[in-house]
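A.B. asks: Below is a structure I'd like to ask you about.
There are 2 protein chains.
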Amino acid sequence: MNLKKFISLALLGLLIFNTQAQEGYELWLDYKEIQDPTVEKSYTSFLNNTEVIGNSSTIQSIKKELQLARAGFDFEDSEPNNESKLIIGVQNKLPSTLKNQINTKNLGEEGYKITTINNGNTIVISGNSEIALLYGTYGFLREMQQWNDISALNIEDKPKIQKRVLNHWDNLDRTVERGYAGFSIWDWHLLPELIKPEYKDYARANAAIGINGTVLTNVNSNALILTPHYIEKVKALAEVFRPYGIQVYLTARFSAPIELGDLDTADPLDENVKKWWKNIADEIYAEIPDFGGFLVKADSEGQPGPFQYDRTHVDGANMLAEAVASHNGIIMWRAFVYSEEDPDDRAKQAYDQFIPYDGKFADNVMVQVKNGAIDFQPREPFHPMFGAMPNTPLMMEFQITQEYLGFSSHLVFLPKLFEEVLDEDTYSNGENSTVAKIIDGTNSNKKLTGIAGVANIGTEKNWTGHPFGQADWYGFGRLAWDPYIDSKDIAQEWLKINFSNEEDFVKPMTDLLIESRETVVNYMTPLGLHHIMATSHHYGPGPWVDDLGRPEWNPVYYHKADKNGIGFDRTASGSNALAQYAKPIAEKYSNPKTTPEKYLLWFHHLPWDYEMKNGKSLWNNIALHYQKGVEQVEQMQKTWATMEQYVNEEEFEKTSMLLAIQLEEAKWWRDACLSYFQQFSEMELPTGVPEPEHDLEYYKSIERPYAPGINPSW
Amino acid sequence: MNLKKFISLALLGLLIFNTQAQEGYELWLDYKEIQDPTVEKSYTSFLNNTEVIGNSSTIQSIKKELQLARAGFDFEDSEPNNESKLIIGVQNKLPSTLKNQINTKNLGEEGYKITTINNGNTIVISGNSEIALLYGTYGFLREMQQWNDISALNIEDKPKIQKRVLNHWDNLDRTVERGYAGFSIWDWHLLPELIKPEYKDYARANAAIGINGTVLTNVNSNALILTPHYIEKVKALAEVFRPYGIQVYLTARFSAPIELGDLDTADPLDENVKKWWKNIADEIYAEIPDFGGFLVKADSEGQPGPFQYDRTHVDGANMLAEAVASHNGIIMWRAFVYSEEDPDDRAKQAYDQFIPYDGKFADNVMVQVKNGAIDFQPREPFHPMFGAMPNTPLMMEFQITQEYLGFSSHLVFLPKLFEEVLDEDTYSNGENSTVAKIIDGTNSNKKLTGIAGVANIGTEKNWTGHPFGQADWYGFGRLAWDPYIDSKDIAQEWLKINFSNEEDFVKPMTDLLIESRETVVNYMTPLGLHHIMATSHHYGPGPWVDDLGRPEWNPVYYHKADKNGIGFDRTASGSNALAQYAKPIAEKYSNPKTTPEKYLLWFHHLPWDYEMKNGKSLWNNIALHYQKGVEQVEQMQKTWATMEQYVNEEEFEKTSMLLAIQLEEAKWWRDACLSYFQQFSEMELPTGVPEPEHDLEYYKSIERPYAPGINPSW
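Sequence lines, in order, name chains P and B.
Just so you know, the UniProt record's numbering puts 498 at position 498 of the first sequence, and the rest follows in order with no gaps.
Just so you know, the UniProt record's numbering puts 410 at position 410 of the second sequence, and the rest follows in order with no gaps.
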C-alpha cells in the first residue's frame, strides 16, 4: 500500500468515527480533503507558504483560519514550493514593491482584492482594513473549497449593503420564538464567564459569508437585557465577535424606562425618558464601544410604543436615534405593524402608517420592512413600502427560519425566494427600480443601507436542524453581501462546499434546490393563497380556522372562500391595497387576466370556474398545483436517493427521514386544503389528483401539541 | 519522516480540526489512539480478528462498536496476527470445543465472562444473552481504553441491581426541570419520523455503563404522553434503545383518566378507572412489548394522587401495578411526599406515610426513595426509610443533575456522594446492613431491585455541559451495576478513559475528584446545614429567605439560626426524626458529642459557642469550613492549571472557565452565609477568614433571572 493511500484510508477511518452524530457543525468551514491531486498540487504551496502582515486579533483569526484550512485540506505535511506564496495585508502596510501593484481605492472599508502577480507565483489578498482581509481570506478559501482554478485569480469584491445582520428572536430563557433548531445558542446563565466555542464558530461562519451584525434578542423584547447584569454578558459576546467584524445589537423594549422601575412614563418626548435612554446607551457604549444600536418592534401585536402617548413612529425612533447617535449607533425601527382596531386590510396598514413620515426619520434610523405586507409567506408580492419612501433608508427583513414553510423539517431553498423579491421591479424611479436597488441605496442614493434575516439557528448539533437549513443561512449572507448574485450560483457554491464537487451531484441537486421553493408554494399556498396555516404555531394547514379574536388572525380572512369563489380582492372593488403600488403594477394587477398567476388570489376574488391561462378552471388549477407540490416532493426523494455516494451517512439519512416527513405533510396540506375548499367549489377533483384519504373532520381534528417556536407565555 | 509518525501527525492535525467545539460528544466511547506501541501491539489482533456469533440487532450493535473501537484505537490498518482472536457469543451458541471451557451458570441474564484461553491467544466473551455479550464487549473495550494488560484477562461480572434506570425530568415542550445542560434531547415534534443519531449514541453510552432503563418524562408529568400521538413517538425511541438492552418507562399522571377527557374520577378503586389504565397499558404494550412500566409522583407538591379519593399509596400503586402486571411491567412509586398541611418536620413525613404499608404493595411495585429525607442536598444522612421496610422493594433515587450543587458550573464528583450513602449502615438487620444491601436486595432477599438517577443530560454538545458532569453520569451507571465499587476506582477509570493514562495526570486528578464533593459541602452547607439555597431555582445562597408560602420551603425553617444558636433539633427534644432510625443510630446521634460532625446541625440546634472536637467554637468551625471550601476550589484551579498537556484544548479551557465561576461562587456562598449568620452569632470571623467584600444587603439583592431548570409555568 502506498503512503498516500494508507493515509487516506486512515484519515477516512478516523473521519467516519470522529464525525459520528456531529455532522454539520462546521457549516461551510468544513475544509475537506482535496481529493483531486492536480488541484491539490496547485493549492498546497499557497497555504503552506503564507505571510499575514500584522498581529491584531483579526489578523490572528485569519492565521487560525488558514491553519484550519490547511489541516482540513490535508496540506499540512506537504513541503512548500518556495516559489509560491500567499501574502495577506492591508494595502498601506504591504511591502512597497507590492503596494504599487495593488490599488484598493474603490474597495471601501470592507471590500477586498485577490490579485495574482509574479507569473502566478504570488497571490496577494488586500484591502483597506483588516476585516477586508478576513473577508478576502474567506473568499480565497471558498475558491479552494470549490476546487476552482486559482492560477490566475483576480477578484475584486465589496459588499453592496452596509448593515448585514441576523435577527435572533431569542428570549432570555433560551426559548426561541419561531425557532425550530432547538433553543437559543446564547447561554445567558453562564455568560460572561463561560465563553462557549460555539460563539466563536458562529462568528467565523458569519464572517465567512459577510454578515457583519447580529441582534441577539427577540423583537418581542425583554427590558432586562438593558440592565448591567446582562450588558456584561452582551459585552462578552461582543468581544468574541469583534475580531470577526461582527457588531452586536439589542432589541429595545419601548416601555423599559417604566419596567425597569425608573420612570412612570415612556413618552418619547418626555425629557426624562430621553435622558433615560441616553444614559442606557452611554452605559452600553462604555462597555461595548462598537455596539451597533437597537432594533425596535413598537406598537405592533401588543408591544408597547409611542402611540400610547399619542406620539408617532418618528417620535419614537428619533428619540432612540438621538440616544445612540453620538456613538455612531443606529435604530432599526420595524414596519411590521398592524392595529388592533383598524378594520382595514392588514396588508395595507404598515404602508398607511409609515408613508406620511418619509424623510422625517433621523439620519441614523432605518425602517425595517418585511419582504411582503403580510408575514413571511411561502410567496408574497413585495411589500409596497419598497420604493414608496425615497427619503427613508429601508432595510429588508427576510425570515430564514421557516415559520410558515414547514419549520425545520421541509427542504426549501430560501435564497430563491429572497431573489424573487429582490428582483421585483417597484417602478418607483422608473423601470428597473428593483427592490434590490431600493435596499442597496442605488435607487435614491441612500447613505445608510441594511438587510436583516431572522435566524434559523439553534442548539441543534448542526445549528439549523435540517442539514439544508444551512443553505438558507449561507444564502442569506451571500445575498446580503451582494443582492444580485444568482440564487442558482449560491446553490451550486453551497452544494460544492458542503458535499461534493462531482457534477453528477451538483447539477441535479442544484435543480432540486432551485425547484424546492416553488414546491412548497404548490403544496401549501398556490396561486396567491396565503396565511392559511394552523393557528398560533403555523404548522400544517388550517384554512378552516375562523374563531380567533381578531379577524386578520383567521385564515378565512385571507382566502375568503365561499360558494362564489376564492381569493382576497385587493383591487379597487375590494381593499384597494393595489393602489399602494406604482402605477405599472397597480394597473397590470388590477385585471386578473394580466396579473401573474402566482399572485392571482392575493389580489382577486374569483369564481371557482374562472378560466385560467391553461384553459382549465381555477378549481382545477388549485387542485393540480397541490398535486404537483406532492409530486415534486416525491421527485426530491427520488433524486436524493441517488446521492448516497456523495454525502456522509449521517446527513444522507437525516435528509431522507426529513424528506419523508415533507412528503407526508405535503399530502396532508393537499388533502386538507382540497377537502376544505371543495365544500365551496362543489366540483370534482381533476384527473390525477387522488381523493383525500380522510374526511375534512379528520384533518380539522389534527393537533400538534407543543409544536416548537411558540413562546410559552402565549 | 517515518510512516507511523507521518500518519500520527496527519491524524493529529485532523483531530484538532474535526473536534473543534465538539469535544465530549463521544462520552466514554471516545476510543483514542493507543499511543504506547507495546500496549497497542498486544491489543491489535484481538480487534482485527474477531468472530461475533449471531446476527440480531444486538449482535450488529456489538460489531459496530468493535469497528468504531478499531478505528478510534487506530488498529484498522494493522495486519491481524492469525494466532490471536476474539470470539464473542452466547454460551450455548459457542462452538462445542469452547462451550465446555466457558461456564456461565452463575451469570444470570445480564452477567458476562471474559475468558482467555489457548495460551493467551484467544479471548472469549460470553454470557447467557446477547445483552450480556454487549456488556461484556463494553467491559472488554474499557480494559483497552485504560491500557490494561489483557494477556491473561479473566473477568466475571454481573449486575447486582436489576433495574438501573435514568430518570429524565423532561417536559414535552423540551424544557427540563432541574436541567442545566440545555434542553431535552427528545425532539418530540420530529419523532417518530426523525431518528436523531443522538438517540443511538445515548443508548450506546448507557449500555456501556450497564444502564438498562430510562424514564423519558418528568415526574411532574403530562397526561398527553399516554395518547397514541405520543406513544408512537415513544415506540420509535424504544426501537432505537432495544438492541442496547434499554427499556423505556414513562411517568403516569394520576389524574390522566380525567384529563384526557374519558372519566370524571381517577379513584384507584373505581372499576372504570382500573379498566382505563388497563386499556392504556394494553395500548402501550401493543406498540412496545418490552415497555418497562410507570414512574409515579403522586400526592406530592401539588401532583394528583389517591389521597383526593381517600385512598392510600398502596391503593394507587397496586391499581397501576395490576394494569401492567400481565405484561411484566413495574410501577416505581415515589416516596418523595410531604403534605401541604402537615406541620411536622418535613424530614419525617415520607417515613410516616409509607412505613405502615410495608408488605402491602403488589409484587411488581417498587417504592422509589430519595437518598435523603429532604431533597438532594450536598450532604444528607441516608433516608430513614432504608431498612425500615423489609418487605417492600425500595429503589434508590439519586440526583445526577446538580440542582442543589452548583448546577452544571460546579465540578462535584457525585459518585463520592452516592458511595457515602450506599455505605451507610442502617442496622436494620443487625450490623453491616448497609444501604447498598437494602437496595440490592441482599439484606432481605428481595426479588425486585432497582436504582434511579435523575439525569444531567441535555442538548449541550457534550451532553452534560460541564465536561466533568459526564463523570457523574458514568459513575452513577457503574454504581448502579455494582454499588460496592470504590468511587476512587470509578474516578480513575473515567479519567483514564476520558483524558489520559499518565500517572501525573490520573493521580492528582483522582484526588481532586474525590475531594470535590467535600469541597461543595464546605462552601455551601457545612456541618449538617441544608436547604439554605436561594428560592425556586436553588442557585446560590439564600439563608435569609423566610417569606415563602409554606414553612418548609424557607431556608430559615432548616437552619433555625437565632441568637441562641443554629441547627434543626431532630432529637427527642425537637422533631424526633431521629427516632425513625435504628436504635444504634438514634442513640448515637441523640447526643451532639457522639453525632458525626458532618451531620451535627442536621440533628441538633446548638449555641454559637458550642465547643467542637477541635476545641474551637461552632461559629469558628462554620466559618472555617466555608473558608476551607473556598481554598479547596482554589486548589482545584491550581491543580487543573497544570493539566493542560493531558487534556484537549477545548475541555481544558472550558473547565478552567467553569472553575473560575465555581471559585467566585464559593466565595459568594461563604460571604453571604457568614454575613447572614454573623447577625445572630455576633462573633468575629476567625483568623484566616476574610471579611466579606459586601454587606448582607448586597448579597440579599443578588438575583439570577432566568436561571435554568425552572418550569416556565411555575
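Note that beta-carbon positions come from the ideal geometry of N, C-alpha and C, so glycine has one too.
Since this is a predicted model, take the numbers as computed values, not measurements.
(1) Looking at the secondary structure, which residues open and close the beta strand (DSSP E) in which A452 (chain B) lies?
(2) Compare the beta carbon distance of D440 (chain B) and P483 (chain B) with 8 Å and say whether it is the shorter of the two.
(3) Whose Cβ in chain P lies nearer than 7 Å to the Cβ of I195 (chain B)?
(4) Excluding the five sequence neighbours on either side, which residues of its own chain have a C-beta within less than 7 Å of the C-beta of E83 (chain P), listed in chain order?
(5) Determine the direct distance from the alpha carbon of S221 (chain B) to that of A252 (chain B), and round the result to whole angstroms.
(6) Alpha carbon to alpha carbon, how far is I34 (chain B) from N55 (chain B)? Give it in angstroms, no decimals.
(7) List, from N- to C-terminal side, the beta strand (DSSP E) runs of 3 residues or more that fit wholly inside the stretch 275 to 346 of chain B.
(8) Determine, for Y699 (chain P), whether the minimum Cβ-Cβ distance to residues of chain B falls below 8 Å.
(9) On the DSSP bridge assignment, give the partners of P541 (chain B) in chain order.
(10) Is DSSP giving D562 (chain P) helix, strand or coil here?
(11) Use the C-beta contact count for P526 (chain P): other C-beta atoms within 10 angstroms, 16 or more gives buried, fewer gives exposed.
(12) Quick check on the DSSP output: the alpha helix (DSSP H) that includes N621 (chain B) runs from which residue to which?
(13) Tell me L398 (chain B)'s beta-bridge partners as DSSP assigns them.
(14) I710 (chain B) to S300 (chain P), Cα distance in whole Å?
(15) Answer with yes or no whether the minimum CB distance from D173 (chain B) to chain P is below 8 Å.
(16) Pull up the distance between the alpha-carbon of E156 (chain P) and that of I114 (chain P), whole angstroms please.
(17) Just checking: is the beta-carbon of Y43 (chain P) within a distance shorter than 8 Å of some beta-carbon in chain B?
(18) What are the start and end residues of the alpha helix (DSSP H) that includes N206 (chain P)?
(19) When burial is assigned at 16 or more other CB atoms within 10 Å of the CB, is residue 718 (chain P) buried or exposed?
(20) What number of angstroms, rounded off, separates the C-alpha of M395 (chain P) from the C-alpha of E403 (chain P)?
(21) If you measure from the beta carbon of G111 (chain B) to each beta carbon in chain P, is any gap under 8 Å?
(22) Counting only Cβ-Cβ distances shorter than 8 Å, please list the residues of the stretch 537 to 565 of chain B near chain P, keeping chain order.
(23) Using a Cβ cut-off of 7 Å, which residues of the stretch 399 to 426 of chain P contact any Cβ in chain B, in chain order?
(24) I need the DSSP call for L216 (chain P), collapsed to helix, strand or coil.
(25) For the pair the stretch 646 to 664 of chain P and the stretch 541 to 559 of chain P, tell me if three or more CB-CB distances fall below 8 Å.
(26) Out of P:R174, P:N371, P:K628 and P:G182, which one is the CA nearest neighbour of residue 722 (chain P)?
(27) Cβ of E431 (chain B) less than 8 Å from any chain P Cβ?
(28) Report yes or no: is there a C-beta of chain P within less than 8 Å of the C-beta of P708 (chain B)?
(29) Among B:T594, B:K593, B:R550 and B:L606, whose alpha-carbon lies nearest the alpha-carbon of I566 (chain B)?
(30) Between G469 (chain B) and the rest of its own chain, which residues show a CB-CB distance below 6 Å, the 5 nearest in sequence each way excluded?
(31) With three or more C-beta pairs closer than 8 Å as the rule, is the stretch 137 to 154 of chain P touching the stretch 64 to 75 of chain P?
(32) What is the rounded straight-line gap between the Cα of F677 (chain B) and the Cα of P692 (chain B)?
(33) Span of the beta strand (DSSP E) holding S57 (chain P)?
(34) Could you check whether the Cβ of Y138 (chain B) sits closer than 8 Å to any Cβ belonging to chain P?
(35) Measure the C-alpha to C-alpha separation of A660 (chain B) and K163 (chain P) and round it to an integer number of angstroms.
(36) Hey, out of P:N171, P:I330, P:T116 and P:V176, whose CA is closest to A152 (chain P)'s CA?
C.D. replies: Once the coordinates are examined:
(1) G450 to V454
(2) yes
(3) M657
(4) N121
(5) 7 Å
(6) 29 Å
(7) 293 to 296 and 330 to 334
(8) no
(9) B:M533
(10) strand
(11) buried
(12) L618 to A641
(13) According to the sequence displayed, residue 398 (chain B) carries Phe and not Leu. In DSSP, F398 (chain B) forms a bridge with B:G453.
(14) 30 Å
(15) yes
(16) 6 Å
(17) no
(18) P197 to A208
(19) Since the first residue of chain P shown is 1 and the last is 714, residue 718 (chain P) is not available in this structure.
(20) 20 Å
(21) no
(22) none
(23) S409
(24) coil
(25) no
(26) Examination of residue 722 (chain P) is not possible in this model, given that chain P is present from 1 through 714 alone.
(27) no
(28) yes
(29) B:L606
(30) S408 and N456
(31) yes
(32) 12 Å
(33) Element bounds for S57 (chain P): not the beta strand (DSSP E) but the alpha helix (DSSP H), S57 to F73.
(34) no
(35) 36 Å
(36) P:T116
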